[in-house]
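Counting from 1, one number per residue, gives the positions in the sequence shown under UniProt numbering.
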Amino acid sequence: MDIYRKNNLDCSRITTKNYSTSFSLGVRMLNRKYRSGIYSIYGFVRYADEIVDTFFEQNQEEIFNEFKHETDKAIARRFSINPILDSFQHAVHTFQIDRELIDAFLYSMELDLHQTSYDPNLLKTYIYGSAEAVGLMCLKVFYFDEPEKYQKLKEPARKLGAAFQKVNFLRDAQDDFENKGRIYFEEIDFSRFDEPSKIRIEKEIEQDFTEAFQGLKQLKKEVRFGVYLAYIYYLRLFRKIKRAHPSQILKQRYRVSNSKKMYLLANAYFKNAFNLL
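In structure tokens:
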């Protein structure tokens with residue numbers, strides 16, 4: 001790998017580590033040949049998400065349109081002076097990532113610029129682009145040269161992305177609702193969030209986790225541990241949120257402690273190594 005491309009990949013890797021120590025640890029558990037692609041995807045989606053979720057004092061729509069345009073140019077040229085986009089375009093071409101997945105993701109991010117509530121159809125579209133499509137990009141990295149296996153594992157990969165995103169909705173409800181005015185669940189009034197509403201959402205998430213796990217068990221061993229680690233981190237976070245009273249959801253942001261993560265890491269390693277999943 002030449003110095004320029006290595007430097008750009010390093011930017012994506014550092015971005016992953018700085019924004020998510022948990023996800024970064026999961027990537028390090030993958031076989032080395034898959035890590036660059038996942039780092040590149042994460043860097044790309046993180047920068048897009050940052051534009052729509054953080055820079056409220058800027059003209060976000062203008063900046064996001066520039067980001068989309070630069071993404072198009074990077075993919076077409078197979079080069080960019082933006083290290084994150086150059087790293088991403090290299091992954092797109094190396095692993096044959098479908099343009100439809102990229103466009104779906106960018107559309108969902110663009111919705112966050114203006115949309116504050118979602119009906120069932122629009123919510124499905126949003127979750128597909130913001131989470132399921134990203135999961136499919138990662139799956140493409142794992143199985144870009146095994147199209148039959150990719151097709152077989154597409155639905156479980158989508159379910160895993162959906163489960164993660166819905167957990168994020170509950171984890172980030174305070175910030176999304178109070179600071180950004182966003183409500184992702186239809187007919188949910190977070191100002192009067194009650195137990196039946198919370199249970200209804202949790203049942204959806206449990207079903208997504210169950211279906212995702214069936215596919216996770218079929219992943220090749222080179223990547224299964226890393227994906228399983230992310231799965232159990234989110235599952236533990238979900239269980240912590242389940243135990244919380246509805247009134248607490250808007251009062252704090254839930255997380256899994258570092259000590260608990262280390263315990264989960266050891267437990268996941270044991271189960272994966274001895275095929276006990």
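Every residue gets a Cβ at the ideal spot worked out from N, C-alpha and C, and that includes glycine.
Check, Outcome
"In three-state terms, what does DSSP make of residue 38?", "helix"
"Write down the C-beta distance between residue 136 and residue 101 rounded to the nearest angstrom, noting that I regard them as a contact closer than 8 Å.", "5 Å"
"Taking the alpha helix (DSSP H) that residue 54 belongs to, which residues open and close that run?", "Note, residue 54: premise wrong, no alpha helix (DSSP H); not H, not E."
"Assign residue 194 to one of two classes, buried (16 or more other C-beta atoms within 10 Å of its C-beta) or exposed (fewer than that).", "exposed"
"If you follow the alpha helix (DSSP H) that residue 116 is in, where does it begin and where does it stop?", "Careful: residue 116 lies outside any alpha helix (DSSP H) and carries neither H nor E."
"In the DSSP output, which residue or residues are listed as bridge partners for residue 183?", "117"
"What is the DSSP secondary structure of residue 143, counted as helix, strand or coil?", "helix"
"Here's a check: name, in chain order, each residue in its chain whose Cβ is nearer than 7 Å to the Cβ of residue 128, leaving out the five neighbours to either side.", "104"
"Could you check whether the stretch 246 to 266 touches the stretch 48 to 61, counting it as contact only if at least three pairs of C-beta atoms, one from each stretch, sit closer than 8 Å?", "no"
"Can at least three beta-carbon pairs, one atom from the stretch 113 to 131 and one from the stretch 6 to 19, be found at a separation below 8 Å?", "no"
"Please classify residue 140: is it buried, with 16 or more other beta-carbons within 10 angstroms of its beta-carbon, or exposed?", "buried"
"Using the three-state DSSP reduction, which class does residue 223 fall into: helix, strand or coil?", "helix"
"In terms of residues, what are the limits of the alpha helix (DSSP H) holding residue 217?", "Per DSSP, residue 217 belongs to no alpha helix (DSSP H) and is neither H nor E."
"Report yes or no: do three or more beta-carbon pairs, one from the stretch 87 to 97 and one from the stretch 29 to 42, lie closer than 8 Å?", "yes"
"Residue 161: which of 245, 146, 208 sits nearest, CA to CA?", "208"
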